[in-house]
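Using numbering that gives the first Met the number 0, the letters of the sequence shown map in sequence onto residues 0 to 233. The structure appears below as structure tokens.
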Amino acid sequence: MAEGRVLLVEDEPGLQLTLSDRLAAEGYEVETAGDGELGLARALTGAFDLVVLDVMLPKRDGFDVCRTLRQRGISTPILMLTARGQVVDRVVGLKLGADDYLVKPFEAMELLARIEALLRRAGHGVAPPAGTPGATRFEFDDVTVDTRKAEVVKGGVPVELSAKEFHLLRYFLEHRGATLSRDELLQEVWGYEHTPSTRTVDVHVAWLRQKLEASPKTPQLILTVHGLGYKFVG
Ligand code: CA
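This is the structure we're talking about:
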């Protein structure tokens with residue numbers, strides 16, 4: 000029984016070979032694509048549990064592939080590989096719907112840990128989080144959230160959230176009224192302890208506010224607790 004089906008979109012033959020061998024050794028079923036066009040076509044089949052997507056690719060870059068997948072409703076977790084470590088690139092990628100980042104060069108162990116964490120977050124082969132017995136429907140303000148269907152509706156209109164925004168919202172909903180530090184959110188929602196920056200959390204909170212708050216600049220749902228983190232009070 001495979002650990003999961005992974006699509007690896009990477010154009011450097013050496014890296015493609017090393018990574019696919021390593022993933023296969025860990026029990027993943029791996030398919031590779033050497034350019035953005037092919038990667039997109041394969042990912043659009045929805046046949047994968049996870050996509051590892053290089054940013055710099057021939058024919059179509061990783062950002063473009065990621066955006067197109069999300070626009071076409073493919074919610075498969077995406078781990079982007081980038082040689083460019085600047086925050087602005089991370090923010091662009093996350094905004095386009097990527098779930099996580101890894102900056103080249105990286106250790107194979109690090110990639111495996113991120114993949115495992117993403118698959119765990121996506122609920123691949125694991126039980127629902129503890130402390131949430133049967134709670135799949137939440138309501139606040141004029142918003143309803145169905146965590147089982149991964150649907151968010153505000154004022155009768157569906158709201159599009161990236162996988163990561165959705166996980167963050169779910170964590171807030173499961174911890175209503177509690178002050179949550181950025182570190183806790185990173186650990187619980189992003190699934191690993193060391194991330195480029197806690198600013199990732201701030202960026203996602205800003206996007207959630209933009210999508211859910213009546214007035215994003217004066218939030219009433221996700222409050223900033225100065226010096227501590229955030230609190231969901233919806
Ligand atoms: Ca490349």
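All C-beta atoms, glycine included, are put in the ideal place defined by N, C-alpha and C.
(Q) Assuming G154 is part of the alpha helix (DSSP H), what are its boundary residues? (A) Premise fails: G154 is in no alpha helix (DSSP H) and is neither H nor E.
Q.
Using a Cβ-Cβ cutoff of less than 7 Å, which residues in the same chain neighbour P215 once the five nearest sequence positions on both sides are dropped?
A. R208 and Q209
Q) Among all residues, which have a Cβ less than 6 Å from at least one non-hydrogen atom of ligand 1, and in what chain order do they fall? A) D10, E11, D53, M55 and L56
Q: Since I believe E25 is in contact with L111 (beta carbons under 8 Å), could you give me their beta-carbon distance rounded to a whole number of angstroms?
A: 6 Å
Q. What is the rounded straight-line gap between the Cα of S161 and the Cα of W206?
A. 10 Å
Q) At what residues does the beta strand (DSSP E) containing L7 begin and finish? A) R4 to V8
Q. Under the DSSP definition of a beta bridge, which residues are partnered with E183?
A. DSSP, once it has assigned bridges, lists no residue as partnering E183.
Q: Return the first residue and the last residue of the alpha helix (DSSP H) that A24 is part of.
A: If you look at A24, you'll find it in the alpha helix (DSSP H) that goes P12 to A24.
Q: Check whether the stretch 43-60 touches the stretch 5-17, counting contact only when three or more Cβ pairs, one atom from each stretch, lie closer than 8 Å.
A: Yes, the stretch 43-60 touches the stretch 5-17.
Q: Leaving aside the five residues before and after S180 along the sequence, list all residues of the same chain whose C-beta is less than 7 Å from its C-beta, in chain order.
A: L227 and G228
Q: Specify the secondary structure class of F171 as computed by DSSP and reduced to three states.
A: helix
Q. Does the pairing of the stretch 91-101 with the stretch 55-69 give three or more beta-carbon distances under 8 Å?
A. Taking a cut-off of 8 Å for Cβ pairs, the stretch 91-101 and the stretch 55-69 touch, as three or more such pairs fall below it.
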